[in-house]
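Q:
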Amino acid sequence: MPAKNLEIRTVNVTRYVTPLREGGSLPAIAEADDGFMYVLKFRGAGQGIKALIAELIGGEIARTLGLKVPELVFANLDTAFGRTEPDEEIQDLLKASVGQNLALHYLSGAITFDPAVTKVAARLASQIVWLDCLLMNVDRTARNTNMLIWHKELWLIDHGATLYFHHSWNNWKEQALKPFAQVKDHVLLPQATQLAEVDAEYKAILTEERIRAIVALLPDEWLATDEQEATIAERRQVYADFLITRIASSHIFVKEAQHAGKILI
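Using the UniProt record's numbering, you'd call the opening residue of the sequence shown number 1 and step up by one each time.
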């Protein structure tokens, strides 16, 4: 698919349905003006906009690689939304999240992936482990798999805890070249026996053009923070350069994952 075809739809949130009390981020199921239900991730929660940035980049890279991820949409929250919400914590969250948020299409009826119940093929396991090593995803463990079974297929969700280099911008180059030691805790690592094959395939797909097209999806307002003296363009460039550098040096994290997998055997 040509990079120019990358696009994220925008919806307006019309109804807050129910909170999903997972950790401190308080995502929620909400309805939008297109008639669909979404899992809404708030800019005013937890790690704030950086979690939304990681969610968008991680989700769209996964989709580019052919993995199943719920559709991501920009979700606008009006200032009047949530005024009648009786829960003060939720009301504060909604007030802090006015503007452009991020939402994932709600997979109604999906069940949490259980490695004791569902066996994942070596190729798919290797694909997911490779992705998570690239993104430095610490949230795909047996305790919290962040995967769902929907219509008998495996779907990936919740990439907000990835790309944690952006919580300390100064050493992004060093972070880009690091192995991913936490891969030893990845729930699919025992099945990930085709990492070398997947590495060659995925490096060919994730071209510099494709990475820059994905990073270009980030709204300017998400990059306009006061944390450090850098322009929106400079911050966008860092995200692209981090990923491009990490992909070019993927042998580092692949070797680490292969070594961790041998220890488990």
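We put the beta carbon where it would ideally sit given N, CA and C, even for glycine.
(1) Go ahead and label S250 buried or exposed: buried means 16 or more other beta carbons lie within 10 angstroms of its beta carbon, across all protein chains shown.
(2) Within a Cβ cutoff of 6 Å, which residues of the same chain sit near G58, ignoring the five residues on either side of it in sequence?
(3) Consult DSSP for V247 and reduce its assignment to one of helix, strand or coil.
(4) Short of 6 Å in beta carbon distance, which residues of its chain neighbour F253, apart from the five on each side in sequence? Order them along the chain.
(5) Give a yes or no on whether the C-beta atoms belonging to G109 and L189 are separated by under 8 Å.
(6) With burial defined as no fewer than 16 other Cβ atoms inside 10 Å of the residue's Cβ, what is the status of D114: buried or exposed?
(7) Between the alpha carbons of W155 and P70, how many angstroms are there, rounded?
(8) Kindly give me the distance between the Cβ atoms of A125 and A192, rounded to whole angstroms, as I take these residues to be in contact under 8 Å.
(9) Given this structure, state the Cα-to-Cα distance separating residue 276 from V117, to the nearest angstrom.
(10) Roughly how many whole angstroms lie between the Cα atoms of H186 and P86?
(11) If you run the structure through DSSP and keep just helix, strand and coil, what is R15?
(12) Would DSSP call A204 helix, strand or coil?
(13) Assign N137 to one of two classes, buried (16 or more other C-beta atoms within 10 Å of its C-beta) or exposed (fewer than that).
(14) For L223, which option in T79, A54 and Y38 has the closest C-alpha, if you only look at C-alpha atoms?
(15) Would you mind sorting K41 into buried or exposed? The rule is 16 or more other CB atoms within 10 Å of its CB.
(16) From the DSSP secondary-structure annotation, give me the bridge partner or partners of M37.
(17) For Q127, which residues in the same chain have their Cβ closer than 6 Å to its Cβ, ignoring the five residues on either side in sequence?
A: If we stick to the structure as given:
(1) Locating residue 250 in the sequence shown gives position 250, where the first residue counts as 1. Classification for S250: buried.
(2) The count along the sequence shown starts at 1 and reaches residue 58 at position 58. The answer, listed in chain order, is L135, H159 and T162.
(3) Taking the first residue of the sequence shown as 1, we reach residue 247 at position 247. The amino acid occupying residue 247 in the given sequence is Ile; Val does not appear at that position. Helix, per DSSP.
(4) Here residue 253 corresponds to residue number 253 of the sequence shown, with the count starting at 1. Excluding residues within five positions, the ones whose Cβ falls inside 6 Å are C133, P179 and F180.
(5) Locating residue 109 in the sequence shown gives position 109, counting from the first residue. Locating residue 189 in the sequence shown gives position 189, counting from the first residue. Not in contact: G109 and L189 (Cβ atoms no closer than 8 Å).
(6) By one-based count along the sequence shown, residue 114 stands at place 114. Flag for D114 reads exposed.
(7) On the sequence shown, residue 155 is found 155 positions in, with the first residue counted as 1. On the sequence shown, residue 70 is found 70 positions in, with the first residue counted as 1. Their backbone Cα atoms lie some 7 Å apart in a straight line.
(8) Translated into the one-based positions of the sequence shown, residue 125 becomes position 125. Translated into the one-based positions of the sequence shown, residue 192 becomes position 192. Yes, A125 and A192 are in contact; Cβ-Cβ is about 5 Å, under 8 Å.
(9) Past the boundaries of the shown model lies residue 276; the chain is included only from 1 to 265, so the question cannot be answered.
(10) Sequence index remark: in the sequence shown, residue 186 carries index 186 (1-based). Sequence index remark: in the sequence shown, residue 86 carries index 86 (1-based). So the alpha carbons of these two residues sit roughly 39 Å apart.
(11) Position 15 of the sequence shown, counted from the first residue, corresponds to residue 15. Reduced to three states, the DSSP call for R15 is strand.
(12) In the sequence shown, counting from the first residue as 1, residue 204 sits at position 204. It is helical.
(13) Within the sequence shown, numbered from 1, the residue matching residue 137 stands at position 137. So N137 counts as buried.
(14) As a working mapping, residue 223 is identified with position 223 in the sequence shown. Of the candidates T79, A54 and Y38, A54 places its Cα closest to the Cα of L223.
(15) Working through the sequence shown from its first residue, we reach residue 41 at position 41. Result: buried.
(16) Numbered from its first residue, the sequence shown carries residue 37 at position 37. Secondary-structure assignment with DSSP links M37 through a beta bridge to E31.
(17) The sequence position of residue 127 within the sequence shown is 127, counting from 1. Within the same chain, Q127 has close Cβ partners V198.
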